[in-house]
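Undergrad: Per the working numbering, numbering through the sequence shown is continuous, rising by one, with the last residue being 1785.
Glycine included, C-beta positions come from ideal geometry on N, C-alpha and C.
The structure's right below; bear with me while I get my questions together.
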Amino acid sequence: MTSLEKENFMRSVLRTFVIVSVFMVSAAGVGRADVCIAVDEAQDRLSPDERTVAVRLVARQFELAGEPVVAQDCPSRYTLSHVMLGNTIYVTLAGPRGRREGTALGRDDLPALYSQMVRSMVTGRPMSGFNVVDRTNVTSAQASSERVPADGFWYARLGYGGLFGDRTYGTPAIGFGYRVELDSIGVDVSFLNYQISSSNDYGYDGSSSGHAFAGSLLKLEGLYFIHPEANKSTYVGGGMSWGGTTFGNGWNGSGLQGELTAGYELPRASALRMFVQADAVLPFYQVSATRFPVNYRLNSPIITEHRYAPSLVVSMGFGWQRDRQRRR
């Protein structure tokens, strides 16, 4: 390639670079039209000074998103308004890209809300969920979401029941737990639910044939109150537990258990509760016992017996609630 040809080639490359650069700058200018912000004075309820600050804050959010903001009127005009009810401020931002509405709990909450609204406008993403939220713009309204209030209290109960094994065993019963209630439903988490009896009636092998134990380390139940708004109500429920059963001459077993409950609770409007309830425990397993013949010899058959052993308890419980807050 001669010197003249090299010179023409470099000129051609430089000309192409200039044309492409001018085109890109023009395209960027067309794609990013200037933004201007105004307050809808007919709807807005902020003071004049507060309106000026609000416009500056919104403009700053557009600039952070890469949108140039101008002071004079422009085709891409966004209108801002604030309506107040008590300490709550309802904010509306409307413009060429749509309309966004949000709620702020006081004036200190407005900058975070402006950030979400502008980000939603620029990106086209909705304001719901985590679409426009990060660790810098969570509003107080989002951080303190309203929840239906619930009553929660610790309780202890005592009662008496029966274990139905090779015969019926009378069993004093105890239990402890924590119960959370809405008007019509509740959740009961209890532990150390035991039925224990002892006897001096000994069997042929020296074991106490009158001893019985049934219970659960942990029980989870859901409850339904028949009269949800009354100060006293009947309730029914069901759930599952993990526990074990032992009785008589070597009968034992353990595993998951079904739980059925029916009861009566009062006074539900107080921090002090009392309830009477009946619990039926229906094991998902069978207990077993291994029997050796009286005159046992080597290679003699060993007998393993199985049976189903449910239990029933009727108990009275007392509960107490600390730091009770008035329900609205």
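1) Using the Cα positions of residue 1509 and residue 1540, report the straight-line distance between them to the nearest angstrom.
2) Is residue 1605 helix, strand or coil by DSSP?
3) If we count the other Cβ atoms within 10 Å of its Cβ and call it buried at 16 or more, is residue 1544 buried or exposed?
4) Looking at the unbroken beta strand (DSSP E) that takes in residue 1677, where does it start and where does it end?
5) Hey, quick one: how far does the alpha helix (DSSP H) through residue 1540 stretch, first residue to last?
6) Which class does residue 1717 belong to by DSSP, given the choice of helix, strand or coil?
7) Among 1611, 1680, 1766, which has the Cα closest to the Cα of residue 1705?
8) For residue 1498, which residues does DSSP report across the bridge?
9) Answer yes or no: do residue 1600 and residue 1616 have a C-beta to C-beta separation smaller than 9 Å?
10) Starting from residue 1557, trace the beta strand (DSSP E) both ways and give me its first and last residue.
11) Counting C-beta neighbours from all protein chains within 10 Å, is the total for residue 1772 16 or more, i.e. buried, or is it exposed?
12) Run through the DSSP bridge pairs and tell me what residue 1593 is partnered with.
13) Excluding sequence positions up to five away, which residues of its chain have a Cβ less than 8 Å from the Cβ of residue 1428?
14) If you compare alpha carbons, which of 1575, 1718, 1750, 1638 is closest to residue 1735?
TA: In brief:
1) For the pair residue 1509 and residue 1540, the Cα-to-Cα distance works out to about 16 Å.
2) In the structure shown, residue 1605 sits in coil (DSSP, three-state: anything other than H, G, I, E or B).
3) In the assembly as shown, residue 1544 is an exposed residue. Its beta-carbon has fewer than 16 other beta-carbons within 10 Å.
4) Per DSSP, residue 1677 belongs to the beta strand (DSSP E) from 1669-1682.
5) Element bounds for residue 1540: not the alpha helix (DSSP H) but the beta strand (DSSP E), 1533-1542.
6) Of the three classes helix, strand and coil, the one that applies to residue 1717 here is strand, per DSSP.
7) Per the Cα distances, 1766.
8) Partner(s): none; residue 1498 has no beta bridge.
9) By the CB criterion at 9 Å, residue 1600 and residue 1616 fall outside the cutoff.
10) Note, residue 1557: beta strand (DSSP E), 1555-1562.
11) Per the 10 Å Cβ criterion, buried.
12) According to DSSP, residue 1593 bridges with nothing at all.
13) Missing from the structure shown is residue 1428; the chain here goes from 1458 to 1785 and no further.
14) Cα-wise, what sits closest to residue 1735 is 1718.
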